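Colleague: Chain order of the listed sequences is A and B. Going by the working numbering, the first residue of the first sequence is number 1, and it counts up by one from there. Going by the working numbering, the first residue of the second sequence is number 263, and it counts up by one from there.
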Amino acid sequence: MSTPRAMVLRAAGTNCDGETARALELAGARAEVWHLERLAAEPARLEQLEILVLAGGFSHGDDVGAGRVWGLDLRLRLAEELWAFVERGGLVLGICNGFQALLESGLLAPRDSEAADREVALTANTSNHYECRWVTLESAECACPWIVGGERWPVPVAHAEGRFAVANEGVLERLRAAGQVALRYVAPDGSPPDYPANPNGSVADIAGICDATGRVLGLMPHPERNVSPWHHPHWTRLEAREAGEGLEFFRRMVAVAAGVAV
Amino acid sequence: MHASTEPQPATAATALPDAWRVECFRRSAADDPDGAGLPAAAAELGVEGLQAARLGRGVLLPASLERGAVERIVSELLADPILDEVRLTPPAVAPAVPDGVRRVLVARKPGVMDPVAQTIRETVARVGLARLADDACVSTFRAWELSGSLSDADTALLARRVLGNETIEDVLLDEEGLFYGPPETGPLHGRVEVPLRDADDARLAAISSEGGLSLNLEEMEAIRDHFVAAGREPTACELETLAQTWSEHCKHKTFAGTVVFSAPGEAPRRFENLLAETIKRATDELDRDWCVSVFHDNAGIIAFDGEWDVSFKVETHNHPSAIDPYGGAGTGIGGVIRDILGVGLGARPIANTDSFFVGPSDLPADELPKGCMHPRRILRGVVHGVRDYGNRMGIPTVNGGVWTHPGYVANPLVFAGTVGLIPRSCATKSVAPGDWIVVAGGRTGRDGIHGATFSSAELHEDSETVSSAAVQIGDPITEKRVLDALMTARDRGLYRAITDCGAGGLSSAVGEMGEELGARVELETVPLKYPGLSPEEIWISEAQERMVMAVPPEHVDDLREVFASEGVETTVIGRFEDTARLLLRHGGEVVGDLSMAFLHDGTPRPVREAVWNPPDHADPGVPPCADPAAMLVELLAMPDVASKEWIVRQYDHEVQGFSALKPLVGTRGDGPGDGAVLKPLADSPKALALGCGANPRYGLLHPGRMAAAVIDEALRNVVCVGGDPDHTAILDNFAWGNCDEPDRLGALVLAAEACREAAVAYGTPFISGKDSLNNEYRIGGRTIPIPPTLLVSALSVVPEVARVVSMDLKGAGNGLWLVGATRAELGGSHYFAALGLDGGEVPAPDLARAPALLRTLHGALAAGCARACHDLSEGGLAVAAAEMAFAGDLGLALDLSAVGALEPGGAGDPDATLLFSESTTRFLVEVEPAAEERWLAAMEGVPLARVGRVLAEEVLEITGRDGGRTARIPLADLRAAHGGGFQG
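1. Rounding to the nearest angstrom, what Cα-Cα distance links ASP974/B and GLY966/B in this structure?
2. Can you pull the DSSP bridge partners for PRO885/B?
3. Quick test of the definition: if touching needs 3 or more C-beta pairs under 8 Å, does the region 1066-1077 of chain B touch the region 919-932 of chain B?
4. Please check the pair MET968/B and PRO1050/B, which I expect to be a contact at CB under 8 Å, by giving their CB distance rounded to whole angstroms.
5. Starting from the C-beta of GLY201/A, find all residues in its chain whose C-beta is less than 6 Å away, skip the five residues before and the five after it, and write them out in chain order.
6. ASP1264/B to GLU896/B, Cα distance in whole Å?
7. Output needed for CYS210/A: all residues of its chain with C-beta closer than 7 Å, excluding positions within five of it in sequence on either side, in chain order.
8. Please name the residue or residues paired with VAL873/B in a DSSP beta bridge.
9. From LEU1236/B to GLU907/B, what does the alpha carbon distance come to, in whole angstroms?
10. What would DSSP say about GLU338/B, mapped onto helix, strand or coil?
11. HIS915/B versus chain A: which residues are under 9 Å apart at the beta carbon?
12. Measure the Cβ-Cβ separation of GLY773/B and SER803/B and say whether it is below 7 Å.
13. Check whether the Cβ atoms of ASN979/B and LEU1053/B sit closer than 7 Å, and answer yes or no.
14. Select from ALA261/A, ALA240/A and HIS60/A the residue whose C-alpha is nearest the C-alpha of ILE147/A.
15. Which runs of the beta strand (DSSP E), 3 residues or longer, sit entirely within the region 620-694 of chain B?
16. Which term fits PRO279/B, buried or exposed, when burial requires 16 or more other beta carbons within 10 angstroms of its beta carbon?
17. Can a CB atom of chain A be found closer than 7 Å to the CB of LEU345/B?
18. Are the CB atoms of GLU1249/B and THR520/B nearer to each other than 7 Å?
19. Taking just the CA atoms, how far does ASN653/B sit from LEU72/A?
20. Throw me the rounded Cβ distance for the GLY106/A and LEU54/A pair, which I believe falls under 8 Å.
21. Using the three-state DSSP reduction, which class does ILE1041/B fall into: helix, strand or coil?
22. Using beta carbons (cut-off 7 Å, strictly below), is ASN15/A in contact with chain B?
23. Taking its Cβ as the centre, do 16 or more other Cβ atoms sit within 10 Å of ASN97/A, making it buried, or is it exposed?
24. If you follow the alpha helix (DSSP H) that GLN100/A is in, where does it begin and where does it stop?
25. Does the Cβ of GLU1188/B have 16 or more other Cβ atoms within 10 Å, making it buried, or fewer, making it exposed?
26. Mind checking whether PRO637/B and SER617/B have CB atoms under 7 Å apart?
27. At 8 Å on the CB atoms, spell out the chain B contacts of GLU161/A, in chain order.
28. Are the beta-carbon atoms of GLU285/B and GLY318/B separated by less than 7 Å?
29. Candidates VAL664/B, ILE612/B and GLY669/B: which alpha carbon is nearest GLU629/B's?
30. For HIS1132/B, write down the residues that DSSP places opposite it in a beta bridge.
31. Taking 7 Å as the limit between beta carbons, can you name the residues of its chain near LYS1072/B, skipping five residues before and five after?
32. Between which two residues does the beta strand (DSSP E) containing PRO156/A stretch?
33. What does LEU1012/B reach in chain A if we use C-beta pairs closer than 8 Å?
34. How is GLU347/B classed by DSSP in three states: helix, strand or coil?
35. Is it the case that the Cβ atoms of GLY597/B and ILE760/B are separated by a distance below 7 Å?
36. Under the three-state reduction of DSSP, which class applies to ARG388/B: helix, strand or coil?
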């Protein structure tokens, strides 16, 4: 298959679109950055893509709630096209604010859910403020085809509202059973994390989830900020590096989009 | 449709808002950290009775909406389905309040920017939740519900000190009468003349002070004489334009003024233009070929690599931050970012730097001067302001500092800086006759009126109440939209010149752009947030997030389309014309007509007197240290040394993906890095290092040495991480007391002269700067100046990113080398501060040797000789060594006898001098044994001593010059002392 085509979607206040597009290009995709309003005007563009990434930032200032307004735009203005994209086999990734918007958009829930049916939320960190720090993730055995279960990898988080919360215990059990828990925070040695290894107080240390098909993934950490040899906070202590661990995350996503199993 | 079943209809007394009231409270306290955290914040204030609190997010929506529409807005947009419970109250009805709680409502004052309300309004319309009329009002508020046993007085104290800021917010105690609707407007007027021609001196002074013009008598006289000659009275617009343009904030008339300096035993010296003959002269003398644009634009520009240059600017934003720390710091950042957007044809911001000078966090409440906020509240507020604006702009905040001194209690300082990346071809701009004047960005309101003149005056007890209009509220997302649109418009060549709307608003922006040409502005075309602004309010409003461009007529349509695609409004407000005049009209009437020559060159140039009498302190020598371990622990906990991690982690320091060395380094990320490094170009190995230096303790004792020492410090910080001292530019930011006082101005002269000498010696030109010269606080008949404060910021090119070095120790068995000479220089040191000593020798860089040392060290680092490098600053060698050790999780054995004879002669206790002296141009460098030979060869000619050895055991050992062990401290103790201070 030819080079997968990716769109990095942004809205007013998105600010990680540049580095996200660079990471996708480094990983072998052809990436373009589009404003939501342009996509709303030309939604047919989605038919020519294999990957859609909602980039991080502060869409609409996170006014009202993190990712709330952007997600509402997607749900009320582009739902048909987005669902068609996923059902056709397209891959969707939401990073940080993109994950928050993805939750609000309904794309991580069963189709035709109402806003009021949402059972999970991303809300204020237990510390009650924005935090920028590196954490360790453990990839789970899950429905997402480009996540390799059991791997541990470093990546930074940078958010104020990343605490994963659920309406009740049953929701957690259903997510686990359906293979939708994709990424968890762990201590650097793999043991259960305390703060700050779990940087926001997320329930069950959940850092990222996918939908039931595995083709829609959202995560709070920023893999696009760990792609160069100089991104890691300890690179001056380490042997020379070719790339950051986050690049492999994007390479696998691009490979799956190209029809290659990882 | 007003439901009649709800409780309590409105009465005139309560004036309930005629709007739907939505209040969203978190169901669980665990999801309401603001509420859950309030009892602790109350206890800090001495309010003990608060048991629990909840924070509700309130919104007022137009009464004209049907209930169904309101409910849909609530469920789709405002409330979280699993976290929130919602109280919906119909218009003009009092909300049902739970029993036993006290309510405090906090709402933006009418006319103060409310970005969240704006987002709600736009979203409701855009996604089709409801139809809103053009003049429909949406506003937001916070509803606090407090339970426990709170007296009225305690509730009021909590409301004013923690829950709201009455400078910009209405705070209602157990009262539901929220303001709703457009702000009330004053009587509208067109052309207003101010009778000046017959005014005597007393009347002139009164007009200046009553109008908040901050013009002195001499300036008022010059204006009067100008209009006498013109044969008419000035208009209000003209007087305001002159006041803004001539303000200290915009004009720097003191620093660029004529000064006669005298000091004991010296012949008086005269400077026609102090700035030009000191700071700028150094840049001229150095004549570095990589200086692309210095001093004349919104920021300085230097060459970086290939087709790319970098721009750098640091601004002061002090007075607004004193009365509204959150908003003041936020708009400070917003302003300096716009400086970068408005340099040349516009640069892309890639990094922010922020420094604060504040009073002690542990200041007893009864020592707080009347009308001042507690330093704790100020520091939290400015940190949150920087965080919320910088993070939302998507610009990493990678560098900065916090300095604490009692001299800043009433007059905190906030410095905000931005680095931008700009294509080589975009460094210059011009304006042509016939270009349209286009304003882009946010709308204009009655915010920030007189910001420029306010910041040029001294603060006093009532500043908080009388100056609230001078405070602006930022809306970072509007500025982010402007940034996104601007980069596209720049790359398509759609405008010929650009500048930002900062202090003085449109009056300064248009006045500066049209200085060489002339301009005509139709004030009624400026888009307003709400109706009712007078022509002069429109003209001088400092409403944020606006840029002004000169646009060739043929590009106007394309430009407007580019900005519209990002949701940014653009408006043609006038034209640049070859008239040499500034013509202002409103509704067809001329409200101002000034010659550009008088506006820009009509300022009187008085001769200011400056004197210097050195402070009379006995030199206490260097008293021995009985317990170096205890002293080191004490120093690590002092606020200037202690960890700033609680601040740094709240800033996004990695967005944009260019981070190559973070502000915090080491195994646990608790090592205070010297400079931050960014690698912004994918196809170049070059990187940029950012660092800064300041020291008010030195400033109080010896302003000249302070200036040289902080330049040295800024350079040390960038050289440490790999920056090339021969490709480094610096910025000056002076914050001083009232320079009409000869002693304050004398100190400034000394500092400015020292800047010139040091900059020339190091080969590092100043490329831009900003001063703030009226930092005094008046209580009764007494005024208190701040310590003489100079922040020097350095931007340096790192030739090869792979050679960047961090400060954390890397490997047991490696040697630790002290680079540079240690002298008995403890004046202004932290050691003296800990001992309560005043006076002494302030560190003075050896300008004959220091520059060569920096170059030599840079060569050694660039050759890969070192594993770690850290500069010696506050607290001296002992503090630097401790930081390197705990950052690397590795121990260290220090042997002071390895250092040869001290210069000069080693007055005082040599161990204390070696451990705690703050002599400049010194570093600790970790070198592997295998690299030692190369290291020694590379460092030939530089004072050097292998003063330590890296240990696997996590302990710091110190052996004195007499061979006896003087300290052995577990790293855990050092780490605890360093990280145990004020945490916000």
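Just so it is clear, CB atoms sit at the ideal spot from N, CA and C, and this is done for glycine as well. Here the structure is a predicted model, which means the values were calculated and not measured.
Modeller: According to the structure data:
1. Working through the second sequence from its first residue, we reach residue 974/B at position 712. Working through the second sequence from its first residue, we reach residue 966/B at position 704. Approximately 13 Å between the Cα atoms of the pair.
2. Locating residue 885/B in the second sequence gives position 623, where the first residue counts as 1. BP columns for PRO885/B are empty, so no partner.
3. yes
4. Counting from one through the second sequence, the residue named residue 968/B turns up at place 706. Counting from one through the second sequence, the residue named residue 1050/B turns up at place 788. Yes, MET968/B and PRO1050/B are in contact; Cβ-Cβ is about 7 Å, under 8 Å.
5. Position 201 of the first sequence, counting from 1, holds the residue named residue 201/A. Counting only Cβ-Cβ distances below 6 Å, and skipping sequence neighbours, we find THR126 and ARG163.
6. Not covered by the structure: residue 1264/B. The range shown for chain B is 263 to 1246.
7. By one-based count along the first sequence, residue 210/A stands at place 210. The residues are CYS142, ALA143, CYS144, GLN180, ALA182, VAL216 and LEU217.
8. Taking the second sequence and counting its residues from 1, one reaches residue 873/B at position 611. For VAL873/B, which the question treats as bridged, DSSP gives the partners SER524/B.
9. In the second sequence, counting from the first residue as 1, residue 1236/B sits at position 974. In the second sequence, counting from the first residue as 1, residue 907/B sits at position 645. Roughly 15 Å between the two C-alpha positions.
10. As a position in the second sequence, residue 338/B is number 76, starting the count at 1. It is helical.
11. As a working mapping, residue 915/B is identified with position 653 in the second sequence. The contacting residues are CYS132 and ALA158.
12. For the purposes of this step, residue 773/B is taken as the residue at position 511 of the second sequence. For the purposes of this step, residue 803/B is taken as the residue at position 541 of the second sequence. Cβ atoms of GLY773/B and SER803/B: not closer than 7 Å.
13. In the second sequence, the residue the question calls residue 979/B occupies position 717. In the second sequence, the residue the question calls residue 1053/B occupies position 791. No. Outside cutoff.
14. Taking the first residue of the first sequence as position 1, residue 147/A is located at position 147. Nearest option by C-alpha distance: ALA261/A.
15. 659-666 and 675-685
16. For the purposes of this step, residue 279/B is taken as the residue at position 17 of the second sequence. By the 10 Å Cβ count, PRO279/B comes out buried.
17. Translated into positions along the second sequence, residue 345/B becomes position 83. Cβ-Cβ to chain A under 7 Å: yes for LEU345/B.
18. A query on residue 1249/B cannot be resolved here, the shown segment of chain B reaching from 263 to 1246 and no further.
19. As a first step, residue 72/A is located in the first sequence; it is residue number 72 there, counting from the start. As a first step, residue 653/B is located in the second sequence; it is residue number 391 there, counting from the start. About 23 Å.
20. Your numbering for residue 106/A matches position 106 in the first sequence. Your numbering for residue 54/A matches position 54 in the first sequence. 13 Å between Cβ atoms; not a contact.
21. The count along the second sequence starts at 1 and reaches residue 1041/B at position 779. It is a strand residue.
22. As a working note, residue 15/A is residue 15 in the first sequence. ASN15/A counts as touching chain B.
23. Along the first sequence, read from residue 1 onward, the residue named residue 97/A stands at position 97. Its Cβ being crowded by 16 or more others within 10 Å, ASN97/A is buried.
24. What you label residue 100/A is simply residue 100 of the first sequence in a count that begins at 1. Here the alpha helix (DSSP H) through GLN100/A covers 97-105.
25. Within the second sequence, numbered from 1, the residue matching residue 1188/B stands at position 926. Buried is the call here.
26. Start at 1 with the first residue of the second sequence, and residue 637/B comes out as number 375. Start at 1 with the first residue of the second sequence, and residue 617/B comes out as number 355. It is not a contact, given that the beta carbons lie outside the stated cut-off.
27. If you number the first sequence from 1, residue 161/A lands on position 161. Simply none; closest approach about 11 Å.
28. If you number the second sequence from 1, residue 285/B lands on position 23. If you number the second sequence from 1, residue 318/B lands on position 56. In this structure, GLY318/B lies closer than 7 Å to GLU285/B by Cβ.
29. Reading the second sequence from its first residue, position 367 is the one you call residue 629/B. Residue GLY669/B is the option with its Cα nearest to GLU629/B.
30. Working through the second sequence from its first residue, we reach residue 1132/B at position 870. Its beta-bridge partners are LEU1186/B.
31. Counted from its first residue, the second sequence places residue 1072/B at position 810. Counting only Cβ-Cβ distances below 7 Å, and skipping sequence neighbours, we find ARG1129, ALA1130, GLY1150 and GLU1188.
32. In the first sequence, counting from the first residue as 1, residue 156/A sits at position 156. 152-159 is the span of the beta strand (DSSP E), which, as asked, contains PRO156/A.
33. Here residue 1012/B is taken as the residue at index 750 of the second sequence, counted from 1. In chain order: nothing, as chain A lies at least about 40 Å away.
34. Mapped onto the second sequence, residue 347/B falls at position 85. Strand at GLU347/B.
35. Locating residue 597/B in the second sequence gives position 335, counting from the first residue. Locating residue 760/B in the second sequence gives position 498, counting from the first residue. No, the pair does not count as a contact, with Cβ atoms beyond the cut-off.
36. Position 126 of the second sequence, counting from 1, holds the residue named residue 388/B. Three-state result, ARG388/B: helix.
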